[in-house]
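Under my numbering, the residues of the sequence shown are numbered 17 to 109, in order. Backbone N, C-alpha and C define an ideal beta-carbon position, used for all residues, glycine too. Computed from a predicted structure; not experimentally measured.
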Amino acid sequence: MVTCPHVALQIFYNDTGELLCDQRSVFGLGLRARFDEPGYINRPPCLWGDAKFGLEPPPKIGGRVLRAVAITNATNGHHGEMGIPVLYTVSEP
């Protein structure tokens with residue numbers, strides 16, 4: 017797969033502009049069967065969690081407005097690009 021810097025989805029805190037997530041797409045070349053189909057792109061997710069799994073702690077978003085920016089490029093045809101962010105949040109007790 018080849019990373020494309022001009023195809024991404026970014027999520028920011030709207031009030032400060034701090035970047036929380038920068039998902040850079042990769043183009044499939046057909047070298048592997050799963051998630052590498054030729055002509056399709058894959059956008060690996062941003063993940064947070066427990067440090068014992070090598071993850072950074074999740075950002076605190078309670079009551080804050082987030083801004084999502086989809087960066088796309090239609091120079092070369094491709095399939096599978098979705099500009100809609102999917103967020104899963106958990107409420108703390």
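Asked                                                                                : Found
Identity of the residue in V102, V106, R80, G44 nearest N30 by Cα                    : R80
C-beta contact flag for P75 and G65 at 8 Å                                           : no
As assigned by DSSP and simplified to three states, the class of A67                 : helix
Local conformation of N30 per DSSP, three classes                                    : coil
Three-state class that DSSP yields for L103 in the structure shown                   : coil
Three-state secondary structure (DSSP) of A24                                        : strand
Y56 to L47 span [Cα, whole Å]                                                        : 12 Å
Same chain only: Cβ atoms within 8 Å of I87, ignoring 5 sequence neighbours per side : H22, V23, A24, L25, Q26
Extent of the continuous beta strand (DSSP E) to which C37 belongs                   : 35-43
For T91 and V42, the rounded distance between their alpha carbons                    : 15 Å
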